[in-house]
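Notes follow the structure.
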Amino acid sequence: MGVTRYTQIGLDRLIRLEWLDKTADLVLAGNSAQDIKVRLQEDLQASFVSANTEVRGSIDKTITILMKVWLNVPADLKLLQVDGIDLLKNIPRQDHLAIHWGMLMAGYPFWASVATQTGRLLKLQGAVVAAHVQRRVREHYGERETVARRVRYVLRSFLDWGVLKETEERGVYDTGLSSHLDEPRLIEWLIRASLHAKESGSASLKDLINSPSLFPFYLAPIQAERISAETAEIDILRHGLDDDLIVLKKRRI
Numbered sequence: 023m024g025v026t027r028y029t030q031i032g033l034d035r036l037i038r039l040e041w042l043d044k045t046a047d048l049v050l051a052g053n054s055a056q057d058i059k060v061r062l063q064e065d066l067q068a069s070f071v072s073a074n075t076e077v078r079g080s081i082d083k084t085i086t087i088l089m090k091v092w093l094n095v096p097a098d099l100k101l102l103q104v105d106g107i108d109l110l111k112n113i114p115r116q117d118h119l120a121i122h123w124g125m126l127m128a129g130y131p132f133w134a135s136v137a138t139q140t141g142r143l144l145k146l147q148g149a150v151v152a153a154h155v156q157r158r159v160r161e162h163y164g165e166r167e168t169v170a171r172r173v174r175y176v177l178r179s180f181l182d183w184g185v186l187k188e189t190e191e192r193g194v195y196d197t198g199l200s201s202h203l204d205e206p207r208l209i210e211w212l213i214r215a216s217l218h219a220k221e222s223g224s225a226s227l228k229d230l231i232n233s234p235s236l237f238p239f240y241l242a243p244i245q246a247e248r249i250s251a252e253t254a255e256i257d258i259l260r261h262g263l264d265d266d267l268i269v270l271k272k273r274r275i
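When you read off a place in the sequence shown, starting at 1, and then add 22, the result is the number in the working numbering.
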């Protein structure tokens, strides 16, 4: 198998929530890709030691990620992105974090991988040790120092978003903000985003609702029929007596 987003890391920067909000707002306002890039360069300069955009420095790499999340998405994520933009227009601002989270998971499955290990450790231990997350993620992506460093970027992003909080012990984090989500359209969309983050493109509904990759959120129960009524992007298959298998119809990576 060739290189895909499921084998690439991609995320090599801290991604602040306010930057994603700004990017999405610019998309919502109908700005062109070039105008969005210029605005982001102007607005993010103060957050970087060097604002030199003549070379491909930190600010440019960050903008590339932000635009890949909300503008330059892969072809198979276009419908998810369009529906995500529509949700941003119609749901309360406090729930926008969940939509940014879903788009990052889908576009950068490495984010979902770090989130999964973080969520599992929170459930098992009530706290997260950064070194433990790094070790578990390296089991999938390889024993490279690059992987450990990229995990640190994602964990720092979790801290910035407020879904983790620091403790008195260095490298140990507690659970932070959590949200109860009960809007069916948002839950269906997050389930789709979670499927796009999986190389298999399928999972049981129960596993998706309770996925550790969605550790900052509590998803209200939803029927498989309601999900299929909201989108034509998935198929529903019976999976045991009391569960359903949710499958993406197309996979173009």
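The C-beta atom is built at its ideal place from N, Cα and C for all residues, glycine as well.
Taking the Cα of A153 as reference, the smallest distance to any Cα among D47, H218, A170 and S54 is reached at A170. Contact check for I87 against R38 fails: the beta carbons are separated by 8 Å or more.
Counted as a single uninterrupted DSSP element, the alpha helix (DSSP H) harbouring A134 occupies residues P131 to Q147. At a Cβ-Cβ threshold of 8 Å, L48 and I107 do not count as neighbours.
Taken in chain order, the complete beta strand (DSSP E) segments of 3 residues or longer contained in the region 196-263 are 201-203, 224-226, 239-241 and 256-260.
Within the same chain, L102, G124, M125, M127 and A128 come within 7 Å of A215 by CB-CB distance, once the 5 residues on both sides are set aside. For D266, DSSP records a beta bridge to R260.
In the displayed model, K100 falls within a helix according to three-state DSSP. Judged by DSSP in its simplified three-state form, E64 adopts helix. C-alpha of M89 to C-alpha of V269: approximately 27 Å in a straight line. Excluding five sequence positions before and after A137, the CB atoms of its chain that fall closer than 6 Å to its own CB belong to S235, given in chain order. Counting only the Cα atoms, Y28 lies some 27 Å from L62. For the 8 Å CB-CB criterion, S233 and L267 do not form a contact. In this model, W41 and D257 are separated by some 34 Å (Cα to Cα). With fewer than 16 other beta carbons inside 10 angstroms of its own, L259 counts as exposed. Linking D98 to E190 through their CA atoms gives a straight-line distance of about 43 Å. In this chain, the alpha helix (DSSP H) harbouring E161 covers A152 to Y163. In this structure, DSSP gives L186 an extended state, which the three-state scheme calls strand.
Annotation for T197: L144 place their beta carbon closer than 6 Å to its own, counting only its chain and skipping 5 residues before and after. From the listed residues R174, A149 and L203, the smallest Cα separation to S135 is found for R174. Contact annotation: V151 and G193 have beta-carbon atoms nearer than 8 Å.
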